[in-house]
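Okay, so here's the structure we're looking at.
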Ligand SMILES: *Cc1c(COP(=O)(O)O)cnc(C)c1O
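Shown next as structure tokens:
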């Protein structure tokens, strides 16, 4: 099939729910990718923060192939070694007590929401179910996570939405204190709001929210779906601050391109979702779990330090470009503020062979974590053509 036929058939047979860029990637190596015509791209998007080690990574491939040669799926009523290895590594690296595996970010957040509600039900009875989230947040596309998402424009068409979510203004601690009621059971937030424009929360704000939660036995849920798994230069973005969350959710980059989501439960919540209260048929699939284990094992301090160095290097280069007004984010999750229309700039960059993303009015960069200095330099030279 050539590219033109592909596009035609895509429009005809696939749901037209995505605003697609004019590109189809067929293969690659690391952060260097190729389309149908053999045109080369530098990847500053990693499939929206998914391909943590880029394309065709040897270690990652080996982990998948060796598991797939044994068995592809068993079921969650049987014991499963790849899951156990992954969960114990997550526990060792974060201090979490228990892990639940699922298939996506939204599904991980669903698990966290259920856990928070049940924790409160078990301890305080009915009517303590409200979850505070932030305006401008993004937590997923399912009904409950869409309800949790604090963006009015996303609360159209699909009423009735799930009850029990309260939205507060990010970085406004008084607004947060005022919004806590007897009904509040949890707070859910992203340390850096990804989809909404790569917006960092203030450290002081997060710390105060966390302290207040502890005081009131309100669970702190951190959505690390995008910020997790080394993305910000720490294993999880909350580790950039002195925080101890009760629940952490993650997905995107965890298995380097295989579908998996995880909910990490810390001390308060380790026994809340008891036998029969939650599940997922595909959750923690052995192939995905083996891939995730291979990714997680490599995210050590040395590697994460390199992520930070690459981040500083890219940020400094961007800030020297004339049309760059500011750079937000952390690690290899960066947002570029510019007067240009972000979507148009992204299209033009893709035309020049650089895959970037957008988030609201920003150009968003999420390169593979193992991107090389050479690949970064090629990418930056293309950004310079548009932003300088
Ligand atoms: C992408 C994302 C989600 C949703 O993840 P899916 O795998 O698409 O369901 C949830 N929260 C955040 C912060 C995300 O970036």
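Numbering (our numbering), first residue to last: 573 to 960.
Don't be surprised by glycine CBs; every beta carbon is placed ideally from N, CA and C.
**Straight-line Cα distance separating residue 824 from residue 595** = Here the question's residue 595 lines up with position 23 in the chain shown. Here the question's residue 824 lines up with position 252 in the chain shown. Approximately 21 angstroms between the Cα atoms of the pair.
**Item:** In DSSP terms, what residue 820 is bridged to
**Value:** For this step, residue 820 is matched to residue 248 along the chain shown. In DSSP, residue 820 forms a bridge with 794, 836.
**Prompt:** Taking Cβ positions, are residue 684 and residue 819 nearer each other than 8 angstroms?
**Reply:** Here the question's residue 684 lines up with position 112 in the chain shown. Here the question's residue 819 lines up with position 247 in the chain shown. Yes; because the gap between Cβ atoms is below 8 angstroms, this pair is in contact.
**Request:** Would you kindly report the start and end of the unbroken beta strand (DSSP E) that includes residue 757?
**Result:** Sequence index remark: in the chain shown, residue 757 carries index 185 (1-based). Segment 756 to 761, the beta strand (DSSP E) holding residue 757.
**Message:** Taking only three categories from DSSP, how would you classify residue 936?
**Reply:** Residue 936 sits at position 364 when you count from the first residue of the chain shown. Strand.
**Asked** Is residue 958 helix, strand or coil by DSSP?
**Response** For this step, residue 958 is matched to residue 386 along the chain shown. Residue 958 falls in the helix class under three-state DSSP.
**Asked** Does ligand 1 have a heavy atom nearer than 7 angstroms to the CB of residue 936?
**Response** Position 364 of the chain shown holds residue 936. It does not: the Cβ of residue 936 is nowhere closer than 7 angstroms to a heavy atom of ligand 1.
**Prompt:** Is the beta carbon of residue 850 within less than 7 angstroms of some heavy atom of ligand 1?
**Reply:** If you number the chain shown from 1, residue 850 lands on position 278. No.
**Prompt:** CA-CA distance, residue 707 and residue 942?
**Reply:** As a position in the chain shown, residue 707 is number 135, starting the count at 1. As a position in the chain shown, residue 942 is number 370, starting the count at 1. Roughly 33 angstroms separates the two Cα atoms.
**Contact between the stretch 673 to 688 and the stretch 750 to 769 (3+ Cβ pairs under 8 angstroms)** = yes
**Message:** What residue range does the alpha helix (DSSP H) around residue 619 cover?
**Reply:** Residue mapping note: residue 619 aligns to position 47 of the chain shown, counting from 1. First-last of the alpha helix (DSSP H) with residue 619: 618 to 621.
**Prompt:** Between residue 753 and residue 783, what straight-line distance do the alpha-carbon atoms span, to the nearest angstrom?
**Reply:** Within the chain shown, residue 753 is the residue found at index 181, counting from 1. Within the chain shown, residue 783 is the residue found at index 211, counting from 1. About 16 angstroms.
**Distance between beta carbons of residue 863 and residue 635, contact taken as under 8 angstroms** = Translated into positions along the chain shown, residue 635 becomes position 63. Translated into positions along the chain shown, residue 863 becomes position 291. At roughly 6 angstroms, the Cβ-Cβ gap stays under 8 angstroms, so residue 635 and residue 863 are in contact.
**Item:** Top-ranked residue by Cα proximity to residue 703, from 764, 793, 947
**Value:** Translated into the one-based positions of the chain shown, residue 703 becomes position 131. Ranking 764, 793, 947 by Cα distance to residue 703 puts 793 first.
**Message:** Taking the alpha-carbon of residue 870 as reference, which of 577, 631, 894, 764 has the nearest alpha-carbon?
**Reply:** In the chain shown, the residue the question calls residue 870 occupies position 298. With distances taken between Cα atoms, residue 870 lies closest to 631.
**Prompt:** Rounded to a whole number of angstroms, what is the C-alpha to C-alpha distance between residue 616 and residue 918?
**Reply:** If you number the chain shown from 1, residue 616 lands on position 44. If you number the chain shown from 1, residue 918 lands on position 346. Looking at the two C-alpha atoms, the distance is approximately 11 angstroms.
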